[in-house]
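S.K.:
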Amino acid sequence: MARRNKNKIKELGDQKLVTEIEKLQNRLALEQDLDQNTLDLSDDNYIQGRILKAKYTFLYNEARHRGTRFSGITNAITQ
47 MARRNKNKIK ELGDQKLVTE IEKLQNRLAL EQDLDQNTLD LSDDNYIQGR ILKAKYTFLY
107 NEARHRGTRF SGITNAITQ
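In this note's numbering, each residue's number is its place in the sequence shown (first place is 1) plus 46.
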């Protein structure tokens, strides 16, 4: 019983992690498109972009470390 609860908690955590990684992936893709079309990128935008990449990298590495599996349409972990 305790093992099932532990697995359920891990699955919920993994699901939240993958959801957040996918959100960050989408934001990064949008930011990259906007950055390419922007003539004068402000320091604030540059810094926010770096923070966004750092968050994504941290969560991505955490998901790999946890051995997170995802079987959705877009696989955030293996990209």
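Ideal Cβ positions, reconstructed from N, Cα and C, are used throughout, including at glycine.
1. Taking the alpha-carbon positions, what's the L105 to L85 distance?
2. Would DSSP call T114 helix, strand or coil?
3. I want to know whether the region 52-61 touches the region 75-92 - three or more CB-CB distances under 8 Å.
4. Just the C-alpha distance for N121 and L87, rounded to the nearest angstrom, thanks.
5. Give the straight-line distance between the Cα atoms of K101 and L70, rounded to the nearest whole angstrom.
6. Mapping the DSSP letters down to three states, classify L98 as helix, strand or coil.
7. Could you tell me if A48 is buried or exposed, where buried requires 16 or more neighbouring beta carbons within 10 angstroms of its beta carbon?
8. Going by alpha carbons, who is nearest to T114 out of G95, I55 and R50?
M.R.: Short version:
1. 31 Å
2. coil
3. no
4. In this predicted model, N121 has a pLDDT of only 49, less than 50, meaning its place in the structure is not dependable; the value taken from the coordinates is given anyway. The alpha-carbon atoms of N121 and L87 are separated by roughly 30 Å.
5. 8 Å
6. helix
7. exposed
8. I55
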